[in-house]
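Please read the structure below before turning to the comments.
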Amino acid sequence: MDEEESEIATESETEDQEPEDSRLTARPYQVELLERAKKRNTIVCLGTGTGKTFISVMLIKELAHEVRETYKDGGKRTFFLVNTVPLASQQAKVIGDHTDLKVKHYVGEMGVDFWDKSVWEKEFNEFNVLVMTAQIFLDLLHHAYIRLSQVNLLIFDECHHATKNHSYKQIMQFFNSCPEDAHPKVMGLTASVVNGKVKPSKIQSEIIDLECTLRSTCATSQDGDVEKFAAKPKEEVLICTNENIGDDTNKLVQKLRDVLKPGIDFLHDCRVSSNDSVKNAHWFAKLALRECQGTLDELGPWAAYRVAGYLIKDLGLKLGRDNIVFHVPVVDPEVLKTGGPKRTWPFSCLTTESDGENKLCGIVFVERRYTALVLSEQINIAAKLDHDLTFIKSSFVIGHGTRWKG
């Protein structure tokens with residue numbers, strides 16, 4: 039890898055990154071939690087926007103003398119572990135901005151799975167702090183490319199994921215075979231110490247389990263300043279109804295439902311061959327019809343038509359167009375426009391939130407990938423058609439999971 043390619047650069051900012059003009063000044067509650075972390079392994083529990091990452095940066099600086107020596111001469115290394123790929127570059131940039139240490143981030147797409155011990159030792163010699171997804175560090179331990187005794191500080195971002203068979207938890211199991219006096223210091227960062235929905239009666243046991251897994255103690259601050267910096271979104275509930283949708287559109291929606299239902303029922307009831315390619319095709323067919331049905335119910339005929347097009351394209355990429363039987367459209371695409379963008383989304387909320395000099399900036403969360411894609415498309419089309427919405431520009435982001443089983 040060229041020297042220039044190893045530089046850390048990203049336009050994204052983490053939720054906890056400090057403002058440029060105050061990045062060298064720690065808030066009182068951050069100092070309080072830093073002092074706790076210096077004395078014992080600590081899980082820092084603070085809300086979004088309160089600067090959890092900066093506390094970890096301060097701890098990295100406190101222990102920096104342990105990583106300044108070259109690795110081959112006995113210097114240790116700091117590892118900052120993240121749960122998702124985008125966070126690797128973001129958190130590495132924060133650490134690089136606030137310290138004089140050499141920092142680099144690592145993700146799977148860099149081909150690290152194929153690096154041998156000599157390549158990694160070169161990285162350990164060149165960089166003091168290594169930011170990576172948890173699975174990469176777990177693989178390093180499995181291959182014995184590095185030992186825990188050679189790590190001075192192990193930071194787990196979004197540490198509440200350290201449950202079940204997660205990489206975080208598997209990493210901590212290596213502590214069992216490492217002498218206690220050689221254990222690295224551990225710090226966990228989280229805005230929620232429980233992972234997922236938990237009954238109130240189980241919360242305490244969940245916290246204790248997390249503390250045991252990370253060999254740490256949960257800590258937060260009662261300082262009133264925490265509330266000043268924590269994110270405080272304004273909540274408003276908007277009711278979306280079908281009252282303004284015309285009879286023609288309702289009839290069209292029902293017609294499309296009638297077309298989709300037999301196919302969904304058939305795929306649900308039919309027995310599938312054990313052959314993997316057949317199972318995958320069956321799985322995708324069910325996914326496609328359910329995506330179309332869900333989009334039809336939520337966003338209307340126009341959006342369902344667009345989703346169907348994307349699904350056919352994805353299916354073609356996987357199986358090849360020669361293996362797909364294309365049918366004549368049930369409904370003329372021009373007719374589908376009767377249920378177009380302006381009819382299926384509360385655009386009024388966008389105009390009211392952008393009055394005067396206030397610039398609208400928001401995130402819309404959806405349950406399905408194709409909904410994100412098509413809703414973004416709807417918003418942009420509506421912005422072109424309606425003068426009151428011309429200030430809006432929309433895009434979408436989807437996760438890293440596979441679109442196809444197998």
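The numbers in my numbering rise by one with no breaks, and the one at position 215 of the sequence shown is 253. Cβ coordinates follow ideal geometry from the N, Cα and C atoms, glycine included.
C-beta atoms of Thr91 and Leu252 nearer than 9 Å: Residue numbering aside, residue 91 sits at position 53 when the sequence shown is read from its first letter. Residue numbering aside, residue 252 sits at position 214 when the sequence shown is read from its first letter. Cβ atoms of Thr91 and Leu252: not closer than 9 Å.
As assigned by DSSP and simplified to three states, the class of Gly354: Residue numbering aside, residue 354 sits at position 316 when the sequence shown is read from its first letter. DSSP, reduced to helix, strand and coil, places Gly354 within a helical segment of the structure shown.
Rounded C-alpha distance that separates Val236 from Leu423: Numbered from 1 along the sequence shown, position 198 holds the residue referred to as residue 236. Numbered from 1 along the sequence shown, position 385 holds the residue referred to as residue 423. Across the structure, Val236 and Leu423 are spaced so that their CA atoms are roughly 45 Å apart.
Ala64 versus Thr86, Met96, Lys77, Arg78, residue with shortest Cα-Cα distance: Within the sequence shown, numbered from 1, the residue matching residue 64 stands at position 26. The shortest C-alpha separation from Ala64 is found at Met96.
Residue closest to Gln208, alpha-carbon to alpha-carbon, out of Pro217, Glu218, Cys197: Locating residue 208 in the sequence shown gives position 170, counting from the first residue. If we check each option's Cα against that of Gln208, Cys197 comes out closest.
CB of Tyr223 within 9 Å of CB of Leu71, strictly: As a working note, residue 223 is residue 185 in the sequence shown. As a working note, residue 71 is residue 33 in the sequence shown. The amino acid occupying residue 223 in the given sequence is Lys; Tyr does not appear at that position. The answer is no: Cβ separation not under 9 Å.
Nearest-angstrom Cα separation, counted from Leu411 out to Phe322: In the sequence shown, counting from the first residue as 1, residue 322 sits at position 284. In the sequence shown, counting from the first residue as 1, residue 411 sits at position 373. One alpha carbon belongs to Phe322, the other to Leu411, and they sit about 18 Å apart.
Rounded straight-line distance, which links the Cα of Met225 to that of Phe175: Mapped onto the sequence shown, residue 175 falls at position 137. Mapped onto the sequence shown, residue 225 falls at position 187. Between the C-alpha atoms of Phe175 and Met225 there is a straight-line separation of about 16 Å.
Classification of His136 by the beta-carbon crowding that lies within 10 angstroms, buried from 16 upward: As a position in the sequence shown, residue 136 is number 98, starting the count at 1. So His136 counts as buried.
Reduced DSSP category for Cys387 - H, G, I as helix; E, B as strand; rest coil: Counting from 1 along the sequence shown, the entry for residue 387 is found at position 349. In this structure, Cys387 counts as helix in the three-state DSSP scheme.
Exposure of Phe403, with buried meaning 16 or more beta-carbon neighbours within 10 Å: Taking the first residue of the sequence shown as position 1, residue 403 is located at position 365. So Phe403 counts as exposed.
Burial state of Asp195 (16 or more Cβ within 10 Å): Sequence index remark: in the sequence shown, residue 195 carries index 157 (1-based). By the Cβ neighbour-count rule, Asp195 is buried, with 16 or more other Cβ atoms within 10 Å of its own.
DSSP bridge partner residues for Ile193 (one or two, in chain order): Counting from one through the sequence shown, the residue named residue 193 turns up at place 155. Looking at the DSSP assignment, Ile193 forms a beta bridge with Phe118, Met225.
Contact belief for Leu388 with Ile430 at Cβ below 8 Å, rounded distance in angstroms: The residue you call residue 388 lines up with position 350 of the sequence shown. The residue you call residue 430 lines up with position 392 of the sequence shown. With a contact defined as Cβ atoms closer than 8 Å, Leu388 and Ile430 qualify at about 6 Å.
Straight-line gap, Glu73 to Thr86 (C-alpha atoms, nearest Å): Locating residue 73 in the sequence shown gives position 35, where the first residue counts as 1. Locating residue 86 in the sequence shown gives position 48, where the first residue counts as 1. Cα-Cα distance, rounded: 21 Å.
Ala257 to Val275 span [Cα, whole Å]: Numbered from 1 along the sequence shown, position 219 holds the residue referred to as residue 257. Numbered from 1 along the sequence shown, position 237 holds the residue referred to as residue 275. Taking the straight line joining both Cα atoms gives about 34 Å.
Counterpart residues of Ile93 in DSSP-defined beta bridges: Locating residue 93 in the sequence shown gives position 55, counting from the first residue. Under DSSP, Ile93 shares a beta bridge with no residue.
Validate contact between the region 241-249 and the region 107-120 using beta carbons, cut 8 Å, 3 pairs: They do not touch, by the three-pair rule.
Separation of Glu329 from Ser414, as counted between CA atoms: Your numbering for residue 414 matches position 376 in the sequence shown. Your numbering for residue 329 matches position 291 in the sequence shown. Using only the alpha carbons, I get a separation of about 16 Å.
N-terminal and C-terminal residue of the alpha helix (DSSP H) that Thr448 is part of: No answer is possible for residue 448: it lies beyond the span of the chain, which begins at 39 and ends at 444.
Cβ separation of Gly338 and Thr409, assumed to be a contact under 8 Å, to the nearest whole Å: For this step, residue 338 is matched to residue 300 along the sequence shown. For this step, residue 409 is matched to residue 371 along the sequence shown. In this structure Gly338 is not in contact with Thr409, their Cβ atoms being roughly 12 Å apart against a cut-off of 8 Å.
CA-to-CA distance, Asn166 to Ala346, given in whole angstroms: Along the sequence shown, one-based indexing puts residue 346 at 308. Along the sequence shown, one-based indexing puts residue 166 at 128. Taking the straight line joining both Cα atoms gives about 49 Å.
Contacts around His306, its chain only, beta-carbon distance under 8 Å, and the 5 residues preceding and following it disregarded: Numbered from its first residue, the sequence shown carries residue 306 at position 268. Non-local beta-carbon contacts of His306 in its own chain, meaning distances under 8 Å to residues more than five positions away in sequence, involve Lys324 in chain order.
Ile81 and Ser254 closer than 9 Å at C-beta: If you number the sequence shown from 1, residue 81 lands on position 43. If you number the sequence shown from 1, residue 254 lands on position 216. Their beta carbons are under 9 Å apart, which means Ile81 touches Ser254 by this criterion.
Three or more C-beta pairs below 8 Å linking the region 210-223 and the region 140-160: As far as the Cβ criterion goes, the region 210-223 does not touch the region 140-160, which means the pair count is below three.
Counted within 10 angstroms of its Cβ, other Cβ atoms place His204 as buried (16 or more) or exposed: The residue given as residue 204 occupies position 166 in the sequence shown. Flag for His204 reads buried.
Coil, strand or helix - Thr409 by DSSP: Here residue 409 refers to the residue found at position 371 when the sequence shown is read from its first residue. Of the three classes helix, strand and coil, the one that applies to Thr409 here is helix, per DSSP.
Residues that DSSP places opposite Cys399 in a beta bridge: Locating residue 399 in the sequence shown gives position 361, counting from the first residue. Residue pairing from DSSP leaves Cys399 without any beta-bridge partner.
Distance CB(Phe98)-CB(Leu191) smaller than 9 Å: Translated into positions along the sequence shown, residue 98 becomes position 60. Translated into positions along the sequence shown, residue 191 becomes position 153. A small fix is needed here, since residue 98 is Ile in this sequence, not Phe. Yes, the Cβ-Cβ distance between Ile98 and Leu191 is below 9 Å.
Segment limits, beta strand (DSSP E) that includes Thr80: The sequence position of residue 80 within the sequence shown is 42, counting from 1. From DSSP, the beta strand (DSSP E) with Thr80 extends over 80-83.
Inter-residue spacing [alpha-carbon to alpha-carbon] between Lys202 and Lys289: For the purposes of this step, residue 202 is taken as residue 164 along the sequence shown, with counting starting at 1. For the purposes of this step, residue 289 is taken as residue 251 along the sequence shown, with counting starting at 1. One C-alpha to the other measures close to 48 Å.
Identity of the residues DSSP links to His199 by a beta bridge: On the sequence shown, residue 199 is found 161 positions in, with the first residue counted as 1. Paired residues: none, contrary to the question.
Through-space distance from Ala172 to Thr108, alpha-carbon basis: Within the sequence shown, the letter at position 70 stands for residue 108. Within the sequence shown, the letter at position 134 stands for residue 172. Approximately 24 Å, taken between the alpha carbons.
Distance CB(Gln331)-CB(Leu298) smaller than 9 Å: Counting from one through the sequence shown, the residue named residue 331 turns up at place 293. Counting from one through the sequence shown, the residue named residue 298 turns up at place 260. Yes, they are a contact pair.
Buried or exposed (CB count within 10 angstroms, at least 16 for buried), Leu374: Here residue 374 refers to the residue found at position 336 when the sequence shown is read from its first residue. Because the pLDDT at Leu374 is just 48, under 50, the model does not fix this residue reliably, and the point stays unresolved.
Under the three-state DSSP convention, the category Thr171 falls into: The residue given as residue 171 occupies position 133 in the sequence shown. Strand at Thr171.
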